[in-house]
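Residue numbers (this note's numbering): 1 to 455.
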């Protein structure tokens with residue numbers, strides 16, 4: 001493992017706590033649970049963080065969203081209304097300097113785009129998107145950029161129904177202005193109906209049929225009309241390809257099928273730029289596909305049970321996969337060589353990796369996390385957790401940019417004299433030396449919520 005690895009750990013037992021860990025040194029940099037004025041965050045269902053902007057977003061067990069500052073872990077900066085964060089597996093966020101946007105879901109299937117501006121002390125909903133009729137269990141989100149200013153998302157419900165969303169930035173801005181105006185003049189019934197009928201608030205869905213029920217989806221962020229824009233993995237093992245048509249904003253159109261798996265698709269990763277995909281199945285195999293020809297170019301054999309997680313880095317053509325009760329395997333997708341084996345703990349629910357720093361982590365159902373050096377194929381650190389423990393990780397921060405607080409007795413005291421720590425009993429404020437560009441972690445494509453990282 002190269003450089004420093006930081007971990008944000010949210011524990012619920014045996015003693016509630018929220019901590020920042022230096023993984024390689026196996027030391028706790030800060031324990032925010034010691035002086036916290038509230039314990040609501042300590043019973044969390046999902047966590048997202050951005051170490052560059054000091055931001056933490058928690059989905060609590062009482063279905064609130066809470067925005068926290070890593071430097072002030074005594075109390076949240078802002079809290080949402082009830083049920084805004086009811087579905088932990090749907091939580092996604094894009095943090096920005098001073099603001100940002102999150103996607104969350106209520107237990108009844110409503111999706112919410114939430115402003116992450118915590119200056120008012122409240123997380124306000126930018127727009128609620130009705131579509132699903134049951135809990136959302138998975139979401140893939142592209143937040144857009146100035147060249148393509150759209151929020152695009154694919155969401156999957158508990159009944160394996162998939163919806164595809166495409167919301168322009170300017171519509172969210174108009175909605176914000178409209179809400180400010182409506183405080184003075186409420187909308188009429190006709191205006192409310194017209195707003196609900198706006199095509200930009202309506203999702204595209206798949207054709208009706210049990211064969212299209214799915215657990216996994218890959219959504220292309222900048223696809224044009226009548227070109228492949230999505231793949232879905234069905235319960236029967238078939239992977240379907242989809243495209244959008246300009247004259248129909250309600251439904252996706254089938255563009256092809258990838259046949260080969262004999263059981264449901266459990267993982268799916270796509271390299272849209274180079275036209276290839278890697279799928280994992282409950283038939284214990286992985287398949288490498290050519291998107292242009294829809295041909296299976298390689299079958300990856302070795303696992304003896306259902307594929308559970310898969311992390312793929314297409315820039316180096318390497319993948320890490322895990323299966324139920326089986327060793328983790330590290331594959332070279334461009335070589336026919338046998339994969340490397342990592343004898344990790346059983347019942348892995350999440351795999352995280354950064355191939356550029358030869359680092360990986362595996363979290364099991366008990367909340368235990370193992371950190372591995374991929375070059376040496378050894379476990380370097382192990383955190384013994386408890387069921388419900390949540391992790392958010394950044395791997396491989398360069399040694400020259402390590403994040404170390406100026407704490408008495410800490411190794412960074414003399415070496416990093418620029419770092420300052422100001423402790424105030426009422427806020428428990430801690431200032432850290434932060435890097436400019438830490439390495440983002442690649443998260444596995446499984447639907448579990450025991451840990452969550454950047455995508």
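Don't be surprised by glycine CBs; every beta carbon is placed ideally from N, CA and C.
- DSSP places residue 173 in the helix class (H, G or I) of the three-state scheme.
- Judged by pairs of C-beta atoms under 8 Å, the stretch 268-279 does not touch the stretch 247-254, as fewer than three such pairs exist.
- Relative to residue 322, the option among 231, 352, 123 whose CA is nearest is 352.
- Residue 73 and residue 30 do touch by the CB rule: their CB atoms are close to 7 Å apart, below 8 Å.
- Listed in chain order, the non-local C-beta contacts of residue 133 below 6 Å within the same chain comprise 109, local neighbours out to five positions each way being set aside.
- Remark: C-beta atoms of residue 333 and residue 310 do not approach each other more closely than 8 Å.
- In the structure shown, the three-state DSSP call for residue 120 is helix.
- For residue 298, the CB contacts under 6 Å within the same chain, skipping 5 residues up- and downstream, are 288 in chain order.
- With a threshold of 16 other beta carbon atoms within 10 Å, residue 137 meets it and is buried.
- Separation of residue 82 and residue 245 (C-alpha to C-alpha, rounded to the nearest whole angstrom) is 38 Å.
- Around the beta carbon of residue 264, 16 or more other beta carbons lie within 10 angstroms, which makes this residue buried.
- With contacts defined as CB atoms closer than 8 Å, residue 165 and residue 153 qualify as a contacting pair.
- Here residue 85 has 59, 60, 63, 64, 65, 91, 104 as same chain residues with Cβ atoms under 7 Å from its own Cβ, once five neighbours each way along the sequence are excluded.
- Counting the other CB atoms within 10 Å of its CB gives residue 338 a total below 16, which places it among the exposed residues.
- Here the alpha carbon of residue 233 sits roughly 8 Å from the alpha carbon of residue 266.
- Here residue 361 is actually not in contact with residue 341; their C-beta atoms are around 17 Å apart, not less than 8 Å.
- Contact between residue 214 and residue 156 is confirmed by a C-beta separation of about 7 Å, below the 8 Å threshold.
- Of the residues 303, 201, 383, 236, the one whose Cα lies closest to the Cα of residue 28 is 383.
- 331 is the residue among 331, 344, 348, 304 whose C-alpha sits nearest the C-alpha of residue 355.
- Take residue 307, set aside five residues on each side of it, and the residues of its chain with a beta-carbon closer than 8 Å to its own are 266, 267, 280, 281, 282, 284, 285, 286, 321, 322, 323, in chain order.
- Residue 112 holds the alpha-carbon nearest to the alpha-carbon of residue 141 among 112, 260, 259, 120.
- Assigned with DSSP and collapsed to three states, residue 319 falls in strand.
- In the three-state scheme derived from DSSP, where H, G and I count as helix and E and B as strand, residue 201 is classed as helix.
- The three-state secondary structure of residue 258, taken from DSSP, is strand.
- Under the three-state reduction of DSSP output, residue 281 falls in the strand class.
- Remark: C-beta atoms of residue 211 and residue 236 approach each other more closely than 8 Å.
- Residue pairing by DSSP puts residue 248 in a beta bridge opposite 245.
- A residue is called buried when at least 16 other Cβ atoms come within 10 angstroms of its Cβ; residue 389 meets this threshold and is buried.
- Between the alpha carbons of residue 94 and residue 294 lies a distance of about 33 Å.
- Here residue 22 is buried: its Cβ has 16 or more other Cβ atoms, across all protein chains shown, within 10 Å.
- Rounded to whole angstroms, the Cβ separation of residue 364 and residue 347 is 5 Å, and the two are in contact under 8 Å.
- Boundaries of the beta strand (DSSP E) around residue 298: 295-300.
- Take the alpha-carbon of residue 172 and the one of residue 223: they are about 21 Å apart.
- Under the three-state reduction of DSSP, residue 376 is assigned to coil, being neither helix nor strand.
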